[in-house]
């Protein structure tokens, strides 16, 4: 079992209720990473629905997650031949994360496929910049996985952001451990926020909601990841993500909505 | 009250439960339009959360909706200063649609804004093609709202699809009735699917999940709408939507995931 699989494991205790643990070290300034919380809550729902893969999962973030035991309440709303729909709510003192998702068994498609655009153009992992975690910034979470950033997107670390709200690079688990579809839910929220490169007077943008679509089970190896923001408007911004595996397969797509706190 | 507001009205009956009605005529081949169902379920959740606007709402579609009375069970998971999170499930004989959403009060932002791209380039409404509903195709639903399509995107109606999975055009309510943010949830799912223009041997692609982000309350008048698909792969396709109002404001963004049935 990978370190990530162990850190997101859940145990059924009956009546659709599961227990799990927010492990320490998976945090950013003391609050657990959102994708990590989603992965735990999705595992519980998928287990209850008896399907291995998240096909489309949406998390709304209610309160920050701190290390410690959590309870996940699940309910299966529909169980069909190909897909099942379930909800799951992670609870500590109060509800932390609410998830609604469709789960299934992903298999190679026998259909004609069409891609209007290909994988993002990212320098090779050897030409990208590893993130070295610290107790503050980069946060401890970054040490739980391997992330390498496109040098063009690391300008924010120099105090001179690129001006382009984009962050791309590579992701893999430690020791190149196999990545399953639940681990993709961590990868999809693992990179520094695009706003860091926007060169705007906005620092902290809490995520309201994150939706991930998983298209395929990834092959092992580096995952090519790209995150972009097009619209910073109305007090909100979206961040769109794509993850491609080394075989050139689109494995996941995501969009999150973040809030711009009032000045 | 607009015809749409009347057709999506809900009545509280206590304990977070609401009643509503799927009106006849809002269907496509006998099944109610997904955005229309979402609008009803979101109205119930927003009412329970005491917030007027859907900020981010996700619907998973469980079973087709037929005309008749429905029950909507809601639950508020968090009620904060700016935002509230609530779920709502529409039920007839069984659950039809499950919705998880964040609701609030949208106000003009006092923040710096940044748009990486502008409104889509669509010919003026007078130069676009109105959709005239029929009992079969175009379906009755199209007669409940006013839709005009970019001529370049109507090629599928001639049996010679453009080959580009895109559909764009204009939307407004009958008699130019005012459009509120709940009506945007109908607009975001009102257009013919992009797959019609893909020129692939795929006809029917049921929507698994639809997420809409609402950025601003729209001004009256025509809404400029664009829907595109980039990835038809893994047995799924996404459809991304944008809606802009006549003042050039991005009012909503959406993504839906549809299933490609096995051949």
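Residue numbers (the working numbering), protein chains in the order written: chain P, 226 to 488; chain F, 226 to 488. Every residue, glycine too, gets a C-beta built ideally from N, C-alpha and C.
- Taking C-beta atoms as the reference points, residue 334 (chain F) and residue 460 (chain P) count as a pair closer than 7 Å.
- When DSSP reads this structure, residue 458 (chain F) sits in a beta bridge with F:461.
- Around the C-beta of residue 275 (chain F), fewer than 16 other C-beta atoms lie within 10 Å, and the residue is accordingly described as exposed.
- Around the beta carbon of residue 449 (chain F), 16 or more other beta carbons sit within 10 angstroms, so the residue counts as buried.
- A residue is called buried when at least 16 other Cβ atoms come within 10 angstroms of its Cβ; residue 426 (chain P) does not meet this threshold and is exposed.
- Taking C-alpha positions only, residue 362 (chain P) is separated from residue 452 (chain P) by approximately 20 Å.
- Using beta-carbon distances, residue 295 (chain F) does not count as an interface residue toward chain P, since no partner is under 7 Å.
- By the criterion of at least three beta-carbon pairs nearer than 8 Å, the region 230 to 250 of chain P is not in contact with the region 388 to 404 of chain F.
- Positions of the alpha helix (DSSP H) runs, each at least 4 residues long and wholly inside the region 256 to 290 of chain P, are given as 259 to 274 in order along the chain.
- With fewer than 16 other beta carbons inside 10 angstroms of its own, residue 231 (chain P) counts as exposed.
- For residue 295 (chain F), DSSP records a beta bridge to F:245.
- Taking 7 Å as the CB threshold, residue 342 (chain F) lines the interface with chain P.
- Per DSSP, the unbroken beta strand (DSSP E) holding residue 435 (chain F) starts and ends at 432 to 439.
- With its beta carbon less than 7 Å from one in chain F, residue 425 (chain P) belongs to the interface.
- Near chain P, meaning a CB-to-CB distance below 9 Å, the residues of the region 260 to 281 of chain F are 280 and 281.
- Leaving aside the five residues that flank residue 474 (chain F) on each side, the residues in its chain whose CB is nearer than 7 Å to its CB run, in chain order, 441.
- Counting only Cβ-Cβ distances below 7 Å, residue 310 (chain F) has contacts in chain P at 285, 287 and 323, in chain order.
- Secondary structure remark: continuous beta strand (DSSP E) runs of at least 3 residues inside the region 362 to 423 of chain F, in chain order: 370 to 374 and 391 to 398.
- At a C-beta separation below 7 Å, residue 441 (chain P) has these neighbours in chain F: 459.
- For residue 311 (chain P), the enclosing beta strand (DSSP E) has its first and last residue at 308 to 316.
- The beta carbon of residue 281 (chain P) lies closer than 6 Å to those of 327 and 438 in the same chain, with the five residues before and after it left out.
- At a cut-off of 7 Å, the C-beta of residue 436 (chain F) has a neighbouring C-beta in chain P.
- With fewer than 16 other Cβ atoms from the protein chains shown falling within 10 Å of its own Cβ, residue 487 (chain P) counts as exposed.
- Excluding its 5 nearest sequence neighbours in each direction, residue 392 (chain P) has C-beta neighbours in its own chain below 6 Å: 378, 416, 417, 419 and 452, listed in chain order.
- For residue 380 (chain F), the CB contacts under 8 Å within the same chain, skipping 5 residues up- and downstream, are 386, 387 and 422 in chain order.
- When the beta-carbon positions are compared, residue 483 (chain F) and residue 413 (chain F) stay at least 7 Å from each other.
- Counting of Cβ neighbours within 10 angstroms places residue 355 (chain F) among the exposed residues, the total staying below 16.
- Residue 393 (chain F) does not reach chain P, its nearest Cβ partner there being about 15 Å away, counting only Cβ pairs nearer than 7 Å.
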